[in-house]
Amino acid sequence: MSDPFPDFEVVPAVDMQDGEVVQLVQGERGTEKRYGDPVAAAKRWVDAGAETLHLVDLDGAFEGERENADAVEGDVDAVDVPVQLGGGIRTAADATDLLDRGVERVILGTAAVEEPELVAEISEAYPGRVMVSLDARDGEVVVSGWTEETGLDPAAAASRYEDLGAGSILFTDVDVEGKQEGVQTEVTKRVVDAVDVPVVASGGVASLDDVRALRDAGAAAVVVGTALYEGAFTLAAAMRV
84 MSDPFPDFEV VPAVDMQDGE VVQLVQGERG TEKRYGDPVA AAKRWVDAGA ETLHLVDLDG
144 AFEGERENAD AVEGDVDAVD VPVQLGGGIR TAADATDLLD RGVERVILGT AAVEEPELVA
204 EISEAYPGRV MVSLDARDGE VVVSGWTEET GLDPAAAASR YEDLGAGSIL FTDVDVEGKQ
264 EGVQTEVTKR VVDAVDVPVV ASGGVASLDD VRALRDAGAA AVVVGTALYE GAFTLAAAMR
324 V
């Protein structure tokens with residue numbers, strides 16, 4: 084299985100709601116700030132040097148079914164870099180359809196918690212192309228758009244999904260997500276230490292020091308949204324840390 088992140092990467096986020104790019108504060112509806120057309124955003128980040136794009140169907144994450152399929156397809160068709168996609172992927176058929184359409188990695192969050200065998204089923208047919216998303220608030224995994232607690236420890240959960248065939252882990256620290264107040268690395272490092280597959284960190288990045296801190300905690304890549312859209316730093320500068 085090839086390493087999806089042989090070198091540390093900064094991965095721009097293209098989060099979609101109602102067909103537009105948005106960024107939420109702590110994943111809460113009603114906090115969104117809008118940033119226009121998803122295809123334009125995807126092209127912008129690739130032109131700026133992005134080697135991977137992180138797409139999220141936020142409506143899908145909340146509603147449990149893919150709501151921004153047209154925008155997703157437009158993004159995948161518009162760029163020539165690997166795309167990882169999450170939000171509303173609840174079945175093996177959903178995942179297979181997306182992988183066959185050119186998505187490099189499907190991100191399973193709620194579905195992985197509710198039906199862990201899905202990770203094994205999809206990974207068997209598409210080795211390395213399932214990324215399991217573990218979102219943690221107060222050190223506990225939360226699901227369904229961060230609205231439901233699970234009682235799961237993120238490091239233990241990451242190890243379990245690696246055993247089931249997950250090719251990578253996306254770890255989001257909900258406590259700092261979207262706040263632009265900096266990162267916390269303790270839980271991220273615990274997740275990194277629990278697995279041998281790449282861990283992609285997300286949540287709270289507000290400065291180049293935050294990017295550096297997550298890299299130093301062992302993250303294989305860092306997903307950045309608001310800080311890039313608001314111009315806190317450039318993608319090029321982040322890729323040089």
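In the numbering used here, the protein residues as written are 84 to 324. In this text, a Cβ means the ideal position worked out from N, Cα and C, and glycines have one as well. Fair warning: this is a prediction, and the values are worked out from it, not measured in the lab.
With respect to the 8 Å criterion, valine 213 and leucine 191 are classified as neighbours on the basis of their beta carbons. With respect to the 8 Å criterion, valine 202 and glycine 170 are not classified as neighbours on the basis of their beta carbons.
In chain order, Val129 place their CB closer than 8 Å to the CB of aspartate 163, counting only its own chain and leaving out the 5 sequence neighbours on each side. A direct Cα-to-Cα measurement between glutamine 167 and glutamate 313 gives close to 22 Å.
Taking the Cα of alanine 302 as reference, the smallest distance to any Cα among Asp258, Met322, Phe254 is reached at Phe254. Scanning its chain for C-beta atoms nearer than 6 Å, with the 5 sequence neighbours on each side dropped, one finds around isoleucine 205 the residues Ala175, Ala178, Val213, in chain order. Alanine 319 and alanine 133 have their C-alpha atoms roughly 9 Å apart.
Using a Cβ distance threshold of 8 Å, alanine 219 and alanine 277 do not count as a contacting pair. One Cα belongs to alanine 300, the other to valine 196, and the distance between them is close to 25 Å.
The residue among Thr271, Glu245, Ser251 with its C-alpha nearest the C-alpha of valine 257 is Thr271.
Annotation for serine 242: the continuous alpha helix (DSSP H) segment containing it runs 237-246. The beta-carbon separation of alanine 154 and lysine 126, rounded to 13 Å, does not stay under the 8 Å limit for a contact. By the CB criterion at 8 Å, tyrosine 244 and valine 215 fall inside the cutoff. The beta-bridge partner set that DSSP reports for leucine 291 is empty. In this model, glutamate 103 and valine 274 are separated by some 32 Å (Cα to Cα). Contact between alanine 321 and leucine 291 holds, since their C-beta atoms are separated by about 6 Å, short of 8 Å. Going by DSSP, glycine 157 is part of the alpha helix (DSSP H) stretching over 152-161. Straight-line spacing of the CA atoms in valine 226 and glutamate 187 works out to 23 Å.
Secondary structure at proline 95: strand, using DSSP grouped into helix, strand and coil. Non-local beta-carbon contacts of alanine 96 in its own chain, meaning distances under 6 Å to residues more than five positions away in sequence, involve His137, Val306, Gly308 in chain order.
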